[in-house]
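Shown next, in structure tokens, is the structure this report addresses.
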Amino acid sequence: MTTPETLAFQALENFFIETPSWGYADTGTRFGKFHQPAAAIDMPDKLADAGQVHRLTGCCPTVATHVLWDFPDFSKAAEIAAAASRHGVRIGSINPNLFQHQEYKLGSVANPDEAIRAMATKHICDSIALGKELHSRAVSLWFADGTNYPGQDSIRARKHRFEYALREAHQHLDPDQVLLVEYKPFEPAFYQTDLADWGMAYMMAKIAGPQAKVLVDTGHHYLSQNIEQIVAWLLDENMLGGFHFNDRRYADDDLTLGSIDPYQIFRIFHEIHFYAWERGGVYPKIEYMIDQSHNLKPKIEAMIQTVTTAQELYAKAAMVDHEAMVRYQAEGRIIDAEMCLKKAFHADVSGVVADWRKSHDLPADPLDAHRISGYEAAVAKERVERRMALGLSIGSSYA
Ligand code: PSV
Ligand code: MN
240 MTTPETLAFQ ALENFFIETP SWGYADTGTR FGKFHQPAAA IDMPDKLADA GQVHRLTGCC
300 PTVATHVLWD FPDFSKAAEI AAAASRHGVR IGSINPNLFQ HQEYKLGSVA NPDEAIRAMA
360 TKHICDSIAL GKELHSRAVS LWFADGTNYP GQDSIRARKH RFEYALREAH QHLDPDQVLL
420 VEYKPFEPAF YQTDLADWGM AYMMAKIAGP QAKVLVDTGH HYLSQNIEQI VAWLLDENML
480 GGFHFNDRRY ADDDLTLGSI DPYQIFRIFH EIHFYAWERG GVYPKIEYMI DQSHNLKPKI
540 EAMIQTVTTA QELYAKAAMV DHEAMVRYQA EGRIIDAEMC LKKAFHADVS GVVADWRKSH
600 DLPADPLDAH RISGYEAAVA KERVERRMAL GLSIGSSYA
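Here it is in structure tokens:
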């Protein structure tokens with residue numbers, strides 16, 4: 240008999256979440272950066288840290304990369320892939336960087352200057368080629384493009400420039416690659432962002448071609464927006480390509496997944512399980528990724544906390560009794576239908592998660608295991624010494 244616990248266990252067997260390389264390095268807000276002695280300095284460090292997270296959690300085999308930060312020299316791609324494999328992980332999504340070069344002041348693919356648009360489009364195509372070389376499936380696009388003042392540029396002309404660039408990029412994809420289009424309402428553009436919401440990302444992905452899908456970053460919505468409805472619609476249109484998970488209280492806060500509103504993440508996962516249940520248990524191919532860079536929390540600990548929270552919420556959402564729920568829905572029994580979700584959300588999945596970890600020879604408590612492993616102290620010592628040798632800042636408290 241299929242019990243809720245078996246469903247949760249089965250869900251864990253098929254749940255993998257990608258950690259971001261940029262989550263292991265020192266990052267800050269626009270007001271400052273607090274350096275951590277154990278923060279990764281370079282790509283090999285980031286891969287080692289990602290390897291530690293995967294070793295302890297068993298569900299993060301791939302690492303998202305940002306090309307400018309991780310592959311300043313594309314000719315080193317094979318070396319980086321080899322380093323990843325030494326640490327037991329693989330290179331995951333490739334994120335082109337379309338926001339840091341001086342040329343991008345007025346935008347990348349929507350820039351009024353044709354030469355800059357060509358430069359940005361070429362960078363996307365080069366990133367697609369890098370993805371092919373590394374056997375990585377997803378090329379994930381996020382654009383800071385937009386304007387700060389009414390009248391600064393033609394909103395429609397910018398849309399047309401986007402259409403042109405994304406169509407062009409799509410032509411370079413191999414059949415097994417996917418082009419993810421991420422949206423964000425504001426920041427850094429504060430009047431108008433070219434891809435500001437899921438509708439714009441959806442339209443742009445449709446225009447680009449059949450291998451383009453929408454990426455939902457949970458931090459990229461206005462307050463009170465119903466994200467699970469967006470997810471349900473994208474699923475129904477076969478246009479949901481992936482997630483960037485994080486939590487937020489105000490804007491794109493990069494807080495730990497589930498730290499503010501775990502029920503929202505549960506409801507998102509529920510939409511996915513419900514969709515798959517209607518299809519006899521066949522799940523759509525979705526890239527689950529974390530997009531958090533912690534300025535205050537220890538980075539590896541925060542990543543482990545995030546991953547284990549994601550597993551718990553994914554497992555809980557798998558326990559919803561869909562059969563009962565659709566019956567209650569049809570009968571208009573609102574409270575009973577709602578309680579199907581509440582019951583699963585409040586279910587204790589610690590036993591199932593423990594069984595799953597045991598079956599994979601993983602530590603019962605990954606965070607605890609990390610803390611007693613001595614990893615953090617060992618890398619902190621070595622990285623502080625290396626930072627000093629390289630003349631890099633280690634922050635005032637370590638001077
Ligand atoms: C932008 O806020 C974003 O969510 C994009 O996904 C970027 O690639 C990432 O953050 C950089 O941290
Ligand atoms: Mn993101």
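In the numbering used here, the protein residues as written are 240 to 638.
Cβ coordinates follow ideal geometry from the N, Cα and C atoms, glycine included.
Note down, in chain order, each residue of its chain lying with its Cβ closer than 6 Å to the Cβ of residue 586, except the 5 sequence neighbours on either side. Residue 586 sits at position 347 when you count from the first residue of the sequence shown. Cβ contact annotation for residue 586 (same chain, cutoff 6 Å, sequence separation greater than five): 555 and 558, in chain order.
For residue 637, which residues in the same chain have their Cβ closer than 8 Å to its Cβ, ignoring the five residues on either side in sequence? Along the sequence shown, one-based indexing puts residue 637 at 398. Confidence at residue 637 is low in this model, with a pLDDT of 47, below 50, so its placement is unreliable and the value that follows should be read with caution. Hits under 8 Å: 274, 276 and 623.
Can the beta-carbon of residue 482 be found less than 7 Å from the beta-carbon of residue 455? What you label residue 482 is simply residue 243 of the sequence shown in a count that begins at 1. What you label residue 455 is simply residue 216 of the sequence shown in a count that begins at 1. With respect to residue 455, residue 482 sits close: the two C-beta atoms are nearer than 7 Å.
Cβ pair residue 184, residue 379 closer than 7 Å: Residue 184 lies beyond the range of the chain shown here (240 to 638); nothing can be said about it.
For residue 271, three-class secondary structure by DSSP: The count along the sequence shown starts at 1 and reaches residue 271 at position 32. Residue 271 falls in the strand class under three-state DSSP.
Ordered along the chain, which non-local residues of its own chain (more than five positions away) have a Cβ less than 7 Å from that of residue 497? Taking the sequence shown and counting its residues from 1, one reaches residue 497 at position 258. The residues are 486, 504, 548 and 552.
Say the cut is 6 Å; is the CB of residue 512 nearer than that to a heavy atom of the ligand MN? Taking the sequence shown and counting its residues from 1, one reaches residue 512 at position 273. No, the beta carbon of residue 512 sits no closer than 6 Å to any heavy atom of the ligand MN.
Classify residue 722 as buried or exposed, calling it buried when 16 or more other Cβ atoms lie within 10 Å of its own Cβ. Residue 722 is absent from the structure shown; the chain starts at 240 and stops at 638.
Assuming contact is defined by CB atoms lying nearer than 7 Å, are residue 569 and residue 433 in contact in what I supplied? By 1-based counting over the sequence shown, the position of residue 569 is 330. By 1-based counting over the sequence shown, the position of residue 433 is 194. Result no, Cβ atoms of residue 569 and residue 433 do not sit closer than 7 Å.
Examine the Cβ distances between the region 296-313 and the region 612-620 and report whether three or more of them are shorter than 8 Å. Between the region 296-313 and the region 612-620, the count of Cβ pairs shorter than 8 Å is below three; the stretches do not touch.
Classify residue 538 as buried or exposed, calling it buried when 16 or more other Cβ atoms lie within 10 Å of its own Cβ. Mapped onto the sequence shown, residue 538 falls at position 299. Residue 538 is buried by the Cβ-count criterion.
Runs of 3 residues minimum, wholly inside the region 473-533: which ones carry the beta strand (DSSP E) assignment? Counting only runs of 3 or more, we get 479-484 and 526-529.
Assigned secondary structure, residue 637 (DSSP; H/G/I helix, E/B strand, else coil): Against the sequence shown, residue 637 aligns to sequence position 398. Only weak support is given to the placement of residue 637: the predicted model assigns it a pLDDT of 47, under 50, and the value that follows is read from those uncertain coordinates. DSSP places residue 637 in helix when its eight states are reduced to three.
Measure the C-alpha to C-alpha separation of residue 525 and residue 628 and round it to an integer number of angstroms. Taking the first residue of the sequence shown as position 1, residue 525 is located at position 286. Taking the first residue of the sequence shown as position 1, residue 628 is located at position 389. Spanning the alpha carbons of residue 525 and residue 628 requires a straight line of approximately 43 Å.
In chain order, what residues of the same chain have a beta carbon less than 8 Å from the beta carbon of residue 302, not counting five sequence neighbours either side? Taking the sequence shown and counting its residues from 1, one reaches residue 302 at position 63. Within the same chain, residue 302 has close Cβ partners 257, 258, 259, 260, 285, 286, 289, 323, 328, 329, 330 and 331.
Considering only heavy atoms of the ligand PSV, does any lie closer than 6 Å to the CB of residue 485? One-based indexing of the sequence shown puts residue 485 at position 246. It does not: the Cβ of residue 485 is nowhere closer than 6 Å to a heavy atom of the ligand PSV.
Name the one or two DSSP bridge partners that residue 379 has. Against the sequence shown, residue 379 aligns to sequence position 140. The partner list for residue 379 (beta bridge, DSSP) reads 419.
Can we say the region 384-395 touches the region 527-543, given the rule of at least three CB pairs closer than 8 Å? With the rule of 3 Cβ pairs closer than 8 Å, the region 384-395 does not count as touching the region 527-543.
Buried or exposed: residue 226, going by 16 or more other Cβ atoms within 10 Å of its Cβ? There is no way to answer for residue 226, as the model of the chain reaches only from 240 to 638.
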